[in-house]
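One structure below.
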Amino acid sequence: MSSSDVYLSWITDRATHPHLTRNTMALSSILSADAIDSAIKDCQAPDSFTPRKFFQLCGLTRKSPQDVKKVFGILDNDASGFIEENELKFFLQRFSPGARVLTDTETKDFLCAADDDSDGRIGAEEFQAMVLS
């Protein structure tokens with residue numbers, strides 16, 4: 001088995017992991033499935049993801065601050081109170097389990113755009129400020 005086969009197997013396993021499915025179900029109680037699909041389709045190509053456009057397309061920018069905090073809690077996979085770089089890589093998969101992972105460039109750009117205090121992670125307030133700005 002080649003290394004690319006192992007990677008694809010790992011991605012497939014992650015995409016069907018029950019934890020990711022639960023996240024998607026929780027997100028679809030806040031955002032419409034059609035809006036999520038539209039946002040995911042818009043950034044299918046590598047290096048085409050921009051957080052603000054994604055937030056607009058999925059409808060998150062029109063949600064209440066409380067809903068944005070709920071979404072943050074779902075995206076904070078390890079419940080640390082922060083979204084770290086390793087969690088950002090799988091950001092799209094939190095919305096749709098079959099979605100691609102973010103490229104290293106997209107991940108770093110996302111982190112830089114939201115990490116106002118330069119601590120290398122995104123806190124709830126930073127996330128909310130980015131979404132609602």
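First residue of the sequence shown: 1, per full-length UniProt numbering; consecutive thereafter. Just so you know, even glycine gets a beta-carbon here, dropped at the ideal spot from N, CA and C.
With distances taken between CB atoms, is the gap from residue i to residue j smaller than 7 Å?
i: L27; j: I83; result: no
i: T107; j: D47; result: no
i: F54; j: A39; result: yes
i: L102; j: F91; result: yes
i: E87; j: N77; result: yes
i: F72; j: A113; result: no
i: F110; j: P65; result: no
May I ask you to report which of helix, strand or coil DSSP gives residue i?
i: G123; result: strand
i: S118; result: coil
i: I30; result: coil
i: F49; result: coil
i: T21; result: Unreliable positioning characterises T21 in this predicted model, as indicated by a pLDDT of 44, which lies under 50. The coordinate reading is nonetheless provided below. Helix, per DSSP.
i: F82; result: strand
i: A99; result: coil
i: Q44; result: coil
i: D76; result: coil
i: F90; result: coil
i: S133; result: coil
Determine the closest residue to residue i out of the options, with distance taken between C-alpha atoms.
i: L57; options: L31, S80 and D47; result: L31
i: R100; options: A35, F49 and S29; result: F49
i: Q128; options: K89, D115 and D109; result: D115
i: V131; options: K63, P97 and S80; result: K63
Taking 7 Å as the CB-CB limit, is residue i close to chain C?
i: D78; result: The structure shown contains no chain C; it is built from a single protein chain.
Any idea which residues DSSP pairs residue i with across the strands?
i: F54; result: Per DSSP, none; premise fails for F54.
Which residues in the same chain as residue i place their Cβ atom closer than 7 Å to its Cβ, once the five residues preceding and following it in sequence are excluded?
i: G59; result: L31, S32 and A35
i: R121; result: F82, I83, E84 and D115
Using a Cβ-Cβ cutoff of less than 8 Å, which residues in the same chain neighbour residue i once the five nearest sequence positions on both sides are dropped?
i: D42; result: S48, K53, F54 and L57
Which same chain residues end up closer than 6 Å to residue i when comparing Cβ atoms and leaving out the 5 residues on each side of it in sequence?
i: A45; result: none
i: D67; result: I30
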